[in-house]
Amino acid sequence: MRTVLANLWHPLGGVSIADMGEKRFVFQFYCDMDFDRVVKGASWTFNNHLLVFHHLKHGEDPLEVDLLFTEFWVQIYNLPLGFFTETIAKQFGDFIGVFVDYDAKAVTAGLRNYMRIRVKVDIRQSLSRRKKLIVAKKRVLCYFQI
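Just so we're aligned: 79 in UniProt numbering is position 79 of the sequence shown, and the numbers increase by one with no gaps anywhere.
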């Protein structure tokens with residue numbers, strides 16, 4: 001696993017990976033940019049298992065930390081025109097889980113036909129995949145993709 005992830009992530013400052021047992025590992029990044037890109041950038045899997053990250057604070061025991069939440073970038077499709085706003089993004093984010101961030105760059109550049117939001121979710125719960133909206137007395141079905 002160490003070699004595969006190090007080759008996949010290509011950390012500029014390097015990374016140390018310590019096996020703590022009980023299916024837990026401690027990743028130490030030596031460059032903040034590497035940490036941000038890996039931990040905050042995307043969801044990662046290894047052998048079809050989700051990697052759940054937690055930024056350890058001083059004195060925290062890695063074997064005692066609850067690994068129950070992770071963040072995903074979610075794409076929201078079929079939004080009516082005029083709904084690509086941060087206010088709507090926050091409402092969708094809080095419907096799916098807890099709103100974290102909104103990718104306004106893609107919307108303002110007109111590059112995508114979907115809204116992209118970052119959401120913190122409880123991995124014990126199933127993900128919502130769609131939401132019905134009523135816009136101008138019409139029902140619209142928006143759907144989500146990770």
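Ideal Cβ positions, reconstructed from N, Cα and C, are used throughout, including at glycine.
Query raised in the report: What are the partner residues of residue 18, as DSSP defines its beta bridges?
Result: Within the sequence shown, the letter at position 18 stands for residue 18. Per DSSP, 26.
Query raised in the report: Hey, would you say residue 96 sits closer than 8 angstroms to residue 121, going by beta carbons?
Result: On the sequence shown, residue 96 is found 96 positions in, with the first residue counted as 1. On the sequence shown, residue 121 is found 121 positions in, with the first residue counted as 1. It is a contact, given that the beta carbons lie within the stated cut-off.
Query raised in the report: Helix, strand or coil: which one does DSSP assign to residue 101?
Result: Residue 101 sits at position 101 when you count from the first residue of the sequence shown. Three-state result, residue 101: strand.
Report task. Report back the beta-carbon spacing between residue 52 and residue 123 to the nearest angstrom; my notes put them in contact at under 8 angstroms. Result -> Sequence index remark: in the sequence shown, residue 52 carries index 52 (1-based). Sequence index remark: in the sequence shown, residue 123 carries index 123 (1-based). Indeed, because the Cβ distance is near 7 angstroms, the residues count as touching under 8 angstroms.
Requested in this report: Compute the Euclidean distance between the alpha carbons of residue 141 and residue 78, then round it to the nearest angstrom.
Outcome: Along the sequence shown, read from residue 1 onward, the residue named residue 141 stands at position 141. Along the sequence shown, read from residue 1 onward, the residue named residue 78 stands at position 78. About 7 angstroms.
Query raised in the report: Taking Cβ positions, are residue 24 and residue 80 nearer each other than 8 angstroms?
Result: Here residue 24 refers to the residue found at position 24 of the sequence shown. Here residue 80 refers to the residue found at position 80 of the sequence shown. No. Outside cutoff.
Query raised in the report: So, using beta-carbon positions, are residue 42 and residue 73 closer together than 8 angstroms?
Result: Locating residue 42 in the sequence shown gives position 42, where the first residue counts as 1. Locating residue 73 in the sequence shown gives position 73, where the first residue counts as 1. Their beta carbons are under 8 angstroms apart, which means residue 42 touches residue 73 by this criterion.
**Report entry** Whole-Å CB distance - residue 12 paired with residue 32, under 8 angstroms assumed
**Finding:** Counting from 1 along the sequence shown, the entry for residue 12 is found at position 12. Counting from 1 along the sequence shown, the entry for residue 32 is found at position 32. The Cβ separation is near 10 angstroms, so there is no contact.
Query raised in the report: Taking the alpha carbon of residue 45 as the point to measure from, which residue in 91, 144, 22 and 71 has its own alpha carbon closest?
Result: Residue mapping note: residue 45 aligns to position 45 of the sequence shown, counting from 1. Ranking 91, 144, 22 and 71 by Cα distance to residue 45 puts 71 first.
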